[in-house]
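Peer 1: In our numbering, the protein residues as written are 36 to 441. Every residue gets a Cβ at the ideal spot worked out from N, C-alpha and C, and that includes glycine. What you are looking at is a predicted structure, and each value in this text was computed from that prediction instead of being measured.
See the structure below:
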């Protein structure tokens, strides 16, 4: 048995707000599909809180909100390195940080509301009477994602002019993906589920506020376990992994576009997207059905390994932290990176690690060093949108290896 407390809060907006996640014209919307939430789990041992998980429906959390939450946890004696704060990475929610306005400007009134709600959530969860619960863990595999870096050898006409990238943003069905779902269930008076999958929540095809597929899974969990269930989603190393493409539209224009711009992704129709998202929730349920009891007396520990952005990108800020959090909990060694890590980085991580991206203050994508010469959005194209128009430092893999080693 372990001791835990959990809770969640709605962080939806009561007014039209700009969505974060895509460059170009602002997407200001007020209609909502499902709910936006922050979910929290606290794990206790010997009367003290040993680990906190905070999962927020947002593109990124950012430094400002992360520091607010870390300070709130510190008021209850929880150390910085024991607090895992992650974004679900939905591309259909308001921005919670103001460092990437090209991806969607933050509404400061909405941010103030979210800050207040999350501070109260921390207080409520950490002052609640811990309940005892049994822990089970299971895994399953699904086929719901595709690698989005396709090798290409023809020029492409883009909004920035003619490009000669060797990699284009398009389905690469022979590229690496991670089909594994991990689900950890804590059953007490209430239930919390920590689940992990690797795929961008970027396929929701309607201009509405939405948690994307993490919201569909959350809804399914509550249908199964009850309306008070907390859903802690840990996004994997999904920098180059996204939903499968919708069907190519009929007619001549898509063929012309392919000839001029190269291959691309197409949006799913909403009914197809719902079926796709349900396949993920079904996979989570399969992992839960396969779950077995785990040792509940495993020590919990955490630490932070960090460097600064100038060690990753030449010209980057010496004051901006790039962090990898090591958190040992539920028999898992969790590595959480404050970046959008490409899946290939898995090969230089310690084996048997649960790899998590999008923690705290995300500076941008983090590719493998061998991918730098191949170009593409995840290597160079993102930099202007993220406000980090710098060149990569040499020895990039060595920096990452040092941060993730045990």
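#1: Which residues in the same chain as residue 326 place their Cβ atom closer than 7 Å to its Cβ, once the five residues preceding and following it in sequence are excluded?
#2: Nearest-angstrom Cα distance between residue 413 and residue 239?
#3: Could you round the C-beta distance between residue 347 and residue 121 to whole angstroms and report it? I think they count as a contact, below 8 Å.
#4: Tell me, please, whether the stretch 140-147 touches the stretch 66-82 by the rule of three or more beta-carbon pairs shorter than 8 Å.
#5: Return the first residue and the last residue of the beta strand (DSSP E) that residue 209 is part of.
#6: Tell whether a beta-carbon distance below 7 Å holds between residue 167 and residue 36.
#7: First and last residue of the alpha helix (DSSP H) that includes residue 220?
#8: Taking a contact to mean a Cβ-Cβ separation below 7 Å, would you say residue 339 touches residue 116 in this structure?
#9: If you measure between the beta carbons of residue 363 and residue 394, is that distance less than 7 Å?
#10: Exposed or buried, residue 246, counting other C-beta atoms within 10 Å across all chains shown (16 or more means buried)?
#11: Straight-line CA distance for residue 213 to residue 243?
#12: Does the distance from the CB of residue 92 to the CB of residue 134 come in under 7 Å?
#13: Checking 7 Å against the spacing of the C-beta atoms, do residue 137 and residue 86 come in under that value?
#14: From what residue to what residue does the beta strand (DSSP E) around residue 44 run?
#15: Which residue marks the beginning of the beta strand (DSSP E) containing residue 265, and which one marks its end?
#16: Does residue 358 pass the burial test, meaning 16 or more other C-beta atoms within 10 Å, or should it be called exposed?
#17: Would you mind listing the alpha helix (DSSP H) stretches within the stretch 110-172 that are 4+ residues and don't spill past its ends, in chain order?
#18: Classify residue 306: buried if its beta carbon has 16 or more other beta carbons within 10 angstroms, exposed otherwise.
#19: So, helix, strand or coil for residue 400, using DSSP?
#20: Once you ignore the five residues that flank residue 345 on each side, which residues in its own chain have a CB closer than 7 Å to its CB?
#21: Do you know offhand how far residue 263's Cα is from residue 441's?
#22: In this structure, does DSSP put residue 79 in helix, strand or coil?
#23: Based on Cα-Cα distance, which residue from 428, 270, 419 and 159 lies nearest to residue 371?
#24: Kindly indicate which three-state DSSP category residue 249 falls into: helix, strand or coil?
#25: Tell me where the beta strand (DSSP E) around residue 180 begins and ends.
#26: Expressed to the nearest angstrom, what Euclidean distance is found between the alpha-carbon atoms of residue 404 and residue 430?
#27: With distance defined between alpha-carbon atoms, name the residue in 420, 229, 415 and 261 nearest to residue 366.
#28: Can you name the residues that DSSP bridges to residue 9?
#29: Checking 7 Å against the spacing of the C-beta atoms, do residue 415 and residue 265 come in under that value?
#30: Report yes if the C-beta distance between residue 42 and residue 156 is below 7 Å; otherwise report no.
#31: Are residue 396 and residue 98 closer than 7 Å when you measure CB to CB?
Peer 2: Once the coordinates are examined:
#1: Reading the chain shown from its first residue, position 291 is the one you call residue 326. Closer than 7 Å at Cβ, skipping near neighbours: 171, 172, 173, 218 and 220.
#2: For the purposes of this step, residue 413 is taken as residue 378 along the chain shown, with counting starting at 1. For the purposes of this step, residue 239 is taken as residue 204 along the chain shown, with counting starting at 1. Using only the alpha carbons, I get a separation of about 21 Å.
#3: Working through the chain shown from its first residue, we reach residue 347 at position 312. Working through the chain shown from its first residue, we reach residue 121 at position 86. The pair is not a contact, with the Cβ atoms about 20 Å apart (cut-off 8 Å).
#4: no
#5: Start at 1 with the first residue of the chain shown, and residue 209 comes out as number 174. No beta strand (DSSP E) contains residue 209, which DSSP labels as neither H nor E.
#6: As a first step, residue 167 is located in the chain shown; it is residue number 132 there, counting from the start. As a first step, residue 36 is located in the chain shown; it is residue number 1 there, counting from the start. Yes, the pair counts as a contact, with Cβ atoms nearer than the cut-off.
#7: As a position in the chain shown, residue 220 is number 185, starting the count at 1. Residue 220 -> not in any alpha helix (DSSP H); beta strand (DSSP E) instead, spanning 215-222.
#8: Reading the chain shown from its first residue, position 304 is the one you call residue 339. Reading the chain shown from its first residue, position 81 is the one you call residue 116. Yes, Cβ-Cβ distance for residue 339 and residue 116 is below 7 Å.
#9: Here residue 363 is taken as the residue at index 328 of the chain shown, counted from 1. Here residue 394 is taken as the residue at index 359 of the chain shown, counted from 1. Cβ atoms of residue 363 and residue 394: not closer than 7 Å.
#10: Here residue 246 corresponds to residue number 211 of the chain shown, with the count starting at 1. Buried: at least 16 other Cβ atoms inside 10 Å.
#11: In the chain shown, the residue the question calls residue 213 occupies position 178. In the chain shown, the residue the question calls residue 243 occupies position 208. Their backbone Cα atoms lie some 28 Å apart in a straight line.
#12: Locating residue 92 in the chain shown gives position 57, counting from the first residue. Locating residue 134 in the chain shown gives position 99, counting from the first residue. For residue 92 and residue 134, no; Cβs fall outside 7 Å.
#13: In the chain shown, the residue the question calls residue 137 occupies position 102. In the chain shown, the residue the question calls residue 86 occupies position 51. No; because the gap between Cβ atoms is not below 7 Å, this pair is not in contact.
#14: Here residue 44 refers to the residue found at position 9 of the chain shown. Residues 37-45.
#15: Mapped onto the chain shown, residue 265 falls at position 230. Here the beta strand (DSSP E) through residue 265 covers 265-270.
#16: To locate residue 358, count along the chain shown from 1; it is residue 323. That one is buried.
#17: 143-162
#18: Taking the chain shown and counting its residues from 1, the one referred to as residue 306 is at position 271. By the neighbour-count criterion, in which 16 or more other beta carbons inside 10 Å mark a residue as buried, residue 306 falls on the exposed side.
#19: By 1-based counting over the chain shown, the position of residue 400 is 365. Secondary structure at residue 400: strand, using DSSP grouped into helix, strand and coil.
#20: Locating residue 345 in the chain shown gives position 310, counting from the first residue. Same-chain partners within the cutoff: 351, 352 and 353.
#21: Position 228 of the chain shown, counted from the start, is the residue given in the question as residue 263. Position 406 of the chain shown, counted from the start, is the residue given in the question as residue 441. Their backbone Cα atoms lie some 36 Å apart in a straight line.
#22: Within the chain shown, residue 79 is the residue found at index 44, counting from 1. Three-state DSSP puts residue 79 in a strand.
#23: Taking the chain shown and counting its residues from 1, the one referred to as residue 371 is at position 336. Cα-wise, what sits closest to residue 371 is 270.
#24: Taking the chain shown and counting its residues from 1, the one referred to as residue 249 is at position 214. Residue state, collapsed to three classes: helix.
#25: Here residue 180 is taken as the residue at index 145 of the chain shown, counted from 1. From DSSP, the beta strand (DSSP E) with residue 180 extends over 180-186.
#26: In the chain shown, counting from the first residue as 1, residue 404 sits at position 369. In the chain shown, counting from the first residue as 1, residue 430 sits at position 395. Residue 404 and residue 430: Cα-Cα distance of roughly 7 Å.
#27: Start at 1 with the first residue of the chain shown, and residue 366 comes out as number 331. It is 229 whose Cα lies nearest to the Cα of residue 366.
#28: The chain is shown from 36 up to 441; residue 9 falls before or after that span and cannot be answered.
#29: On the chain shown, residue 415 is found 380 positions in, with the first residue counted as 1. On the chain shown, residue 265 is found 230 positions in, with the first residue counted as 1. Cβ distance not < 7 Å, so residue 415 and residue 265 don't count as in contact.
#30: If you number the chain shown from 1, residue 42 lands on position 7. If you number the chain shown from 1, residue 156 lands on position 121. Cβ distance < 7 Å, so residue 42 and residue 156 count as in contact.
#31: The residue given as residue 396 occupies position 361 in the chain shown. The residue given as residue 98 occupies position 63 in the chain shown. In this structure, residue 98 lies closer than 7 Å to residue 396 by Cβ.
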